[in-house]
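Residue numbering for the sequence shown follows numbering that gives the first Met the number 0, beginning at 0 and increasing consecutively. Cβ atoms here follow ideal geometry from the backbone N, Cα and C, with glycine treated the same way. None of these values were measured; they are calculated from a predicted model. Reading through the structure tokens given below for one structure.
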Amino acid sequence: MKSVTIIGLTILQAIVCHSLSAQHLTRNNDPVFFTPREKGIFQDDFSEDTIGRFPHKWRLCVCNADKSPINNHDSKVDEDSTCRYIAMKTDPRHSTVSIEPDMRPDIYLNDSFTLEYDFNMVSEETRVFTSLQLPENFCSGETFYLYKNGNGYSIEYESNAYGEIPGAKHYKSIRPIADFDYQRWHHFALSFYKRVIHCYIDGMLVVNIADCEYTPGSFCISPEKDDAKFKNIKVATGEIYTPFKELLLSKKMTTHAIRFDPGKSDILPESMHYIDQLAEWLKSNTTVKIEIGGHTDGDGNAETNLKLSQERADEVKRQLVLQHVDAARMATKGYGATKPLQPNTTEKGKAENRRVEFMKQ
Numbered sequence: 000m001k002s003v004t005i006i007g008l009t010i011l012q013a014i015v016c017h018s019l020s021a022q023h024l025t026r027n028n029d030p031v032f033f034t035p036r037e038k039g040i041f042q043d044d045f046s047e048d049t050i051g052r053f054p055h056k057w058r059l060c061v062c063n064a065d066k067s068p069i070n071n072h073d074s075k076v077d078e079d080s081t082c083r084y085i086a087m088k089t090d091p092r093h094s095t096v097s098i099e100p101d102m103r104p105d106i107y108l109n110d111s112f113t114l115e116y117d118f119n120m121v122s123e124e125t126r127v128f129t130s131l132q133l134p135e136n137f138c139s140g141e142t143f144y145l146y147k148n149g150n151g152y153s154i155e156y157e158s159n160a161y162g163e164i165p166g167a168k169h170y171k172s173i174r175p176i177a178d179f180d181y182q183r184w185h186h187f188a189l190s191f192y193k194r195v196i197h198c199y200i201d202g203m204l205v206v207n208i209a210d211c212e213y214t215p216g217s218f219c220i221s222p223e224k225d226d227a228k229f230k231n232i233k234v235a236t237g238e239i240y241t242p243f244k245e246l247l248l249s250k251k252m253t254t255h256a257i258r259f260d261p262g263k264s265d266i267l268p269e270s271m272h273y274i275d276q277l278a279e280w281l282k283s284n285t286t287v288k289i290e291i292g293g294h295t296d297g298d299g300n301a302e303t304n305l306k307l308s309q310e311r312a313d314e315v316k317r318q319l320v321l322q323h324v325d326a327a328r329m330a331t332k333g334y335g336a337t338k339p340l341q342p343n344t345t346e347k348g349k350a351e352n353r354r355v356e357f358m359k360q
């Protein structure tokens, strides 16, 4: 059984299962923004799973001294009126029970990736850990741990936490998180690029590591002391995207960096930096006119997908207009699932097809 490196988060009871709408988005004043990588390699919103069953894209592992096998574990997919999630259960038989993507090969991360998920804790005692693991032996590396600290919350970063990286330094730092409300869902995002790590909570940069001593190969998630919920887990790889050159060179630009609430046109907060950059570029290139095209995967009703893709394209335009881009320079069109980049037969293909495209007119 694999050993686990733990990155963690702690928050408490919450039942509100929604993301911030685009109307209420705020800009992070920090100079470093989270931008997802372009190539999605794993995504799960649990929409393909049966309620009450363990999700089919994941496998269980355990982090304890004897690497005990796990039998009859009670973690399962559940839902409320607005979303579906995995309800992870703690297990008194083990120190930490984890889930990890059931991916082949086991080593799927590289020196440029992003990891995101939404999380929610069921009690004040809950502690949640996400693990980055060494590619050679799946042992511990960097750890990020968000927990209740006195009257507030702090995030603790620890490098080589369990001393399992030969020759690597051990380092720990703790930073308080301002105005953290445990009674709602929160968004965790991590960016790894050539030994530089940025960690964000709800779009705000909270950890900035300049020189990580290894490149992770995989990750896992685990609760401790009490149960936790997770949804919208996404992993992407690739170079940091240099936006907008394609509009001048090939007259077409495709992006997966603009993310929406599942089944809705609400833009997720972490996508606003990309839209900020696009707005600035358009204002600097005043002769450029574009079509904003919305595209969905093939799940669901074709008519519904067309309507949703049009609403998403319209919302992107609305956000650009709010940043003083002339509305007359932008047309919108929803294509639904009519122009797939990949077959809609796999999750990877579906992730590729969910996108926004910009065409120079």
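For residue i, the first and last residue of its enclosing beta strand (DSSP E)
| i | result |
| --- | --- |
| V320 | Element bounds for V320: not the beta strand (DSSP E) but the alpha helix (DSSP H), A301 to L321. |
| Y146 | T142 to N148 |
| G293 | I289 to H294 |
| F41 | K38 to D43 |
| E99 | T95 to P100 |
| G151 | G151 to S158 |
| Y84 | R83 to M87 |
| D260 | No beta strand (DSSP E) holds D260; DSSP gives it neither H nor E. |
| T34 | Neither: T34 is in no beta strand (DSSP E) and is coded neither H nor E. |
| T253 | K251 to T254 |
| E78 | K75 to E78 |
Of the listed residues the options, nearest to residue i (C-alpha basis)
| i | options | result |
| --- | --- | --- |
| N231 | E78, L59, L131 and N148 | E78 |
| K316 | T285, L131 and K332 | K332 |
| I176 | V206, L319 and A167 | V206 |
| R52 | K38, Q42 and K75 | K75 |
| E346 | G202, V234, M203 and T129 | V234 |
| A327 | V355, E290, T344 and R353 | E290 |
| E123 | N150, D73, L340 and Y273 | N150 |
| Y146 | R126, L114 and L131 | R126 |
| L248 | L59, M358 and I106 | M358 |
| L133 | M120, N109 and A312 | N109 |
| D296 | Q318, E310, Q341 and L319 | Q341 |
| Q276 | K288, T303, D260 and F243 | F243 |
| M271 | R258, G262 and K263 | R258 |
| V287 | T254, A350 and L246 | L246 |
Buried or exposed (CB count within 10 angstroms, at least 16 for buried), residue i
| i | result |
| --- | --- |
| H158 | The amino acid at residue 158 is misidentified as His; the sequence shows Ser. By the 10 Å Cβ count, S158 comes out buried. |
| Q360 | exposed |
| Y170 | exposed |
| P104 | exposed |
| H323 | exposed |
| K325 | In the sequence as displayed, the identity of residue 325 is Asp instead of Lys. When all chains shown are included, D325 counts as exposed. |
| K228 | buried |
| S190 | buried |
| K168 | exposed |
| E279 | exposed |
| T285 | exposed |
| T95 | buried |
| D265 | buried |
| P35 | buried |
| S2 | Here S2 scores only 41 on pLDDT, less than 50, and its place in the model should not be relied on; the value that follows carries that caveat. Buried. |
| R194 | exposed |
| K282 | exposed |
| S80 | exposed |
| R354 | buried |
| Q182 | exposed |
| K250 | exposed |
| D73 | exposed |
Residue i in three-state terms, based on DSSP
| i | result |
| --- | --- |
| L133 | coil |
| A167 | coil |
| H272 | helix |
| E351 | helix |
| K282 | helix |
| A327 | helix |
| E356 | strand |
| L114 | strand |
| E245 | helix |
| E346 | helix |
| L277 | helix |
| V127 | strand |
| G175 | Gly is not the amino acid found at residue 175; the sequence shown has Pro there. Three-state result, P175: strand. |
| L59 | strand |
| S2 | Caution is warranted here: a pLDDT of 41 is assigned to S2, below 50, making its placement in the model unreliable, and the coordinate value is therefore given only provisionally. The answer is coil: DSSP assigns S2 none of H, G, I, E or B. |
| N119 | strand |
| T49 | coil |
| A235 | strand |
| Y107 | coil |
| D90 | coil |
| Y332 | Before going further, note that residue 332 is Lys rather than Tyr in the sequence given. DSSP places K332 in strand when its eight states are reduced to three. |
Continuous beta strand (DSSP E) assignments of at least 3 residues falling wholly in the region 182-232: For the region 182-232, whole beta strand (DSSP E) runs of length 3 or above, ordered along the chain, are 185-192, 195-200, 203-208 and 217-223.
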